[in-house]
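Residue numbers (the numbering used here), protein chains in the order written: chain E, 1 to 349; chain S, 1001 to 1349.
Written below as structure tokens is the structure these notes are about.
2 protein chains.
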Amino acid sequence: MSTIKDVARRAGVAISTVSAVINRSAPVSEDTIARVDAAIAAIGYTPHGGAQSLRSGRSRLIGLVVPNVANPHFAAVAREVENVCLSAGYTTVVYSTGQDAERESQVLKMMRVQRVAGLIVIPTRSDAEHGAALINQIHVPTVLLDMYVEGLPYDVIKTDNIEAGRLATEYLLSLGHTEIGLIVGIPGLATSDDRHTGYRKAFHDHGLEPDPSLTWPGNFDQQTAHDATLALLDRKSPPTAIVTISNMMTVGLLFALRERGLTPPDDLSIVGIDDLEFARLLDPQPTTVETPILLMARKSIELLLKQIANRISPTGERSIHQPQLIVRQSAARLDAPTSKHRRAVHDLP
Amino acid sequence: MSTIKDVARRAGVAISTVSAVINRSAPVSEDTIARVDAAIAAIGYTPHGGAQSLRSGRSRLIGLVVPNVANPHFAAVAREVENVCLSAGYTTVVYSTGQDAERESQVLKMMRVQRVAGLIVIPTRSDAEHGAALINQIHVPTVLLDMYVEGLPYDVIKTDNIEAGRLATEYLLSLGHTEIGLIVGIPGLATSDDRHTGYRKAFHDHGLEPDPSLTWPGNFDQQTAHDATLALLDRKSPPTAIVTISNMMTVGLLFALRERGLTPPDDLSIVGIDDLEFARLLDPQPTTVETPILLMARKSIELLLKQIANRISPTGERSIHQPQLIVRQSAARLDAPTSKHRRAVHDLP
DNA sequence: TTGCGAAAACGAAACGTTTCGTATAGTGCA
DNA sequence: TGCACTATACGAAACGTTTCGTTTTCGCAA
């Protein structure tokens, strides 16, 4: 490949002048700029990112670390980040942790090798110990997306997860349900724990105490939510409603119900958190608590780029976004005419 | 950050020895290896990827260029590629073209800046002219995924798209349909054109000629498929069945049907190409022609890594995978009891 | 003890940039 | 015409590696 030297030779100028033209880092006469640009075009010169990064100590790479890019929720984040990065002249490097701390380490190491200029991370765990481990692996401007980790000084952009859990549960309580199952993630993940807290809060607001045996731990994935659903359904007295705390868990739940031949809201009311892109195609359309993930993704990358540009160290501040209950048809009044005759709330007069 | 020099000093060896240890590129005594490894661990040394790439002329970056990472189909590809890359010590750089040739150029330029060692590309167009443009922008080992571009010497891993189109159409013909709508992509895209060819082939196999006015051009996205569906439904004599050639188009079609209050297969039979992850949650479950995308993704990255490792130039060979018809419930016999009383094929005795 | 060959370790150059101190050309004014 | 100053352009060093020719060390046979 051609180098800046080739450009310089062809344009009849010094290497440093070409550099000045490329980076607009020093005044260059119109005439020279034109000659250099012509030379660049003529020989098809493309700067060597590695060399630039080496010499300047700055790279134009942004790392994005998510649980799983194949999950549409995070894929959407990736696309949003990519868009902003591309127009800012940055390149995105995306990696999935698979919710595994060890793989997370491995991924962060790759990010260090590439000397990314900044990171957007959705960490695998939230406890202080993990935070301490993380901080040793990250030495660049970082934004924590939709996840809080104890003791980390980075900026956080997240949903009010307690409120998200509360909204989902409160809605079911308002429909008369009290035996409400909850499928959560692994304890120790702020997103999961907070949504769980919101669930309890909703009960307390009604002067009630939730039955702890109705809360089932899973992971954030489809399979464990599926299994948890079956476990809940197999109880002597199954819940009349179930809350799931992520989109994939809702999918797992729906598959489990289908297996059992159960249809919401007739046989069971359900409310999820995080919207599903294809939700509106389902019948019944699932009632969910929506989080503004795209907005948060955009805010994250913009904040990160700002930090990088201004060499600001993170302020440790948190930007907390409010979730919103989207009432559709998968939850119904408990006291409505029973099984197969219950009607979705939105159909009520 | 610490450098190889710091490691050398701490281990009391020469820089070149540390390099030899890191890359296992020259014999080093057990004793020295241990000392170097200890030093690396002690000071938390991470090699500078840019410097390595600069000096060695090889990077450990793989570029993946897809139409849209937010599309679950391509997100799945990204995840698969990422997995293989990670275990091979490579880093993946993913970018979306948005099916836009200009953005494609921009993305490829970023890939050149990063000096990726190889590329997996799903190009935006298939004509020879575009091929000529592409070849000038790509100077590294490349695999074309699920797309053929005229005149490009790269290896191709793809589905038998003619067969995919034929399978979908043949199935509907076998159910007695002859007025079969087809929603295709922009002409000039091999994937779309081939599936279109398959559609015609199925007709010809039956000694029939499809009505060209039943074929509607769209893009590969949801919106245009939605609009195309409405256009087809608004004809004086609407088709009795519709074929869509991508997952997102199927989604657009389903939304359009829902808007019109139509339910497959009672009001209209539909068959899509490329499976939807959540298909089994829908009612009726859509009948589709499945392509082995994950398998193809894995083959692509493995082939690419092999080319890079062995410094083989692409052989220009094509690996063509067979699609498979998955019969579910969205298509029914034309002569079955009409509207609202037709039954899905799989329910028939 | 010396000499020899193999094994291990070393040192310096080079990769393509950016950066910064220095040199040159150009301009306006005395 | 000469000078001071500004606007441009230049040149060389340095960034962190790899690579390869050279040197040192080591073990063993003579």
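The C-beta atom is built at its ideal place from N, Cα and C for all residues, glycine as well.
All values derive from a computational prediction rather than experimental measurement.
Open item on the list: Would T1215/S and L1334/S qualify as a contact pair, given that the criterion is a beta-carbon distance under 7 angstroms?
Closed with: no
Open item on the list: Between which residues of its own chain and A1075/S is the CB-CB distance below 6 angstroms, once the five residues before and five after are set aside?
Closed with: Hits under 6 angstroms: V1069.
TODO: Helix, strand or coil for A1026/S, going by three-state DSSP, please let me know.
DONE: coil
TODO: Along the alpha helix (DSSP H) that carries G1050/S, what are the first and last residues, could you check?
DONE: Counting along the chain, the alpha helix (DSSP H) containing G1050/S begins and ends at G1049 to S1056.
Task: Cβ neighbours of D1012/S in the same chain (closer than 8 angstroms, five flanking residues each side left out) - done: Just to set this straight, residue 1012/S is Gly in the shown sequence, not Asp. If we look at G1012/S and ignore the five residues flanking it on each side, its Cβ neighbours are R1035.
Task: Classification of S330/E by the beta-carbon crowding that lies within 10 angstroms, buried from 16 upward - done: buried
- [ ] Since I believe Q99/E is in contact with P431/E (beta carbons under 8 angstroms), could you give me their beta-carbon distance rounded to a whole number of angstroms?
- [x] With chain E running from 1 to 349 in the structure shown, residue 431/E is simply not present.
Task: Sequence-distant residues of its chain with Cβ nearer than 8 angstroms to G1089/S (five each side left out) - done: R1060
Open item on the list: Pull the bridge partners of Q1354/S from the DSSP assignment, please.
Closed with: Only positions 1001 to 1349 of chain S appear in the structure, and residue 1354/S is not among them; the question remains open.
- [ ] For Y1199/S, I'd like the list of residues in its chain whose CB is within less than 6 angstroms of its CB, leaving aside the five on either flank, ordered along the chain.
- [x] G1165, T1169 and L1182
TODO: Below 7 angstroms CB to CB, which residues in the same chain sit around T1250/S once its five sequence neighbours on both sides are set aside?
DONE: T1244, G1272, L1276 and P1286
- [ ] Please list the residues of the stretch 1110 to 1125 of chain S that have a C-beta atom closer than 7 angstroms to any C-beta atom in chain E, keeping them in chain order.
- [x] M1110, R1112, V1113, Q1114 and R1115
- [ ] Let me know if I1312/S comes out buried or exposed under the rule of 16 or more other beta-carbons within 10 Å of its beta-carbon.
- [x] exposed
Open item on the list: Comparing C-alpha positions only, which one of T91/E, A117/E and S126/E sits nearest to H139/E?
Closed with: A117/E
Open item on the list: Please confirm whether G57/E has its beta-carbon closer than 7 angstroms to some beta-carbon of chain S.
Closed with: no
TODO: Taking a Cβ distance cut-off of 9 angstroms, strictly less, list which residues of the stretch 216 to 245 of chain E are near chain S, in chain order.
DONE: none
Task: 7 angstroms Cβ cutoff met for V1113/S and G49/E - done: yes
Task: Proximal residues, the stretch 1031 to 1048 of chain S versus chain E, C-beta separation under 7 angstroms - done: T1046, P1047 and H1048
Task: Cβ neighbours of I40/E in the same chain (closer than 6 angstroms, five flanking residues each side left out) - done: V7.
TODO: Report the option in V1107/S, G1131/S and A1014/S whose CA atom is closest to the CA atom of T46/E.
DONE: Ranking V1107/S, G1131/S and A1014/S by Cα distance to T46/E puts V1107/S first.
Open item on the list: Can you tell me whether H206/E is buried or exposed? The criterion is at least 16 other CB atoms within 10 Å of its CB, across all chains shown.
Closed with: With fewer than 16 other Cβ atoms within 10 Å, it is exposed.
Open item on the list: So that I know if they touch, is there some Cβ in chain E lying closer than 7 angstroms to that of L1295/S?
Closed with: No, no contact with chain E.
Open item on the list: Quick check on the DSSP output: the alpha helix (DSSP H) that includes I4/E runs from which residue to which?
Closed with: I4 to A11
TODO: Please classify G1118/S: does DSSP put it in a helix, a strand, or coil?
DONE: strand
- [ ] Measure the beta-carbon distance from P284/E to R328/E and round it to whole angstroms, keeping in mind my assumption that it falls under 8 angstroms.
- [x] 7 angstroms
Open item on the list: To the nearest angstrom, how far is the alpha carbon of A1344/S from that of T1191/S?
Closed with: Unreliable placement is indicated for A1344/S, whose pLDDT of 41 sits below 50; the coordinate value is still reported in the next sentence. Using only the alpha carbons, I get a separation of about 29 angstroms.
TODO: List the residues of chain E that Y1095/S touches, going by C-beta distances under 7 angstroms, in chain order.
DONE: E82
Open item on the list: For P72/E, would you say it is in contact with chain S, using Cβ-to-Cβ distances shorter than 7 angstroms as the test?
Closed with: Yes, its Cβ sits closer than 7 angstroms to a Cβ of chain S.
Task: Cβ pair E80/E, L304/E closer than 7 angstroms - done: no
TODO: Under 8 angstroms Cβ to Cβ from A1279/S, same chain only, skipping five residues before and after it: list those, please.
DONE: Q1285, P1286, T1288 and R1328
- [ ] Could you tell me which chain S residues have their CB closer than 8 angstroms to the CB of H130/E, listed as they occur along the chain?
- [x] In chain order: nothing, as chain S lies at least about 18 angstroms away.
Open item on the list: Checking the sheet assignment: what are the DSSP bridge partners for R1311/S?
Closed with: Paired residues: none, contrary to the question.
TODO: Can you tell me which of the three DSSP states D1155/S falls into?
DONE: strand
TODO: Please state whether DSSP places V84/E in a helix, a strand or coil.
DONE: helix
TODO: For V1140/S, go through chain E and note every residue whose CB falls closer than 8 angstroms to its CB, in chain order.
DONE: Near V1140/S there are no residues of chain E at all, since even the closest Cβ is about 10 angstroms away, more than 8 angstroms.
Open item on the list: Checking 7 angstroms against the spacing of the C-beta atoms, do I43/E and S87/E come in under that value?
Closed with: no
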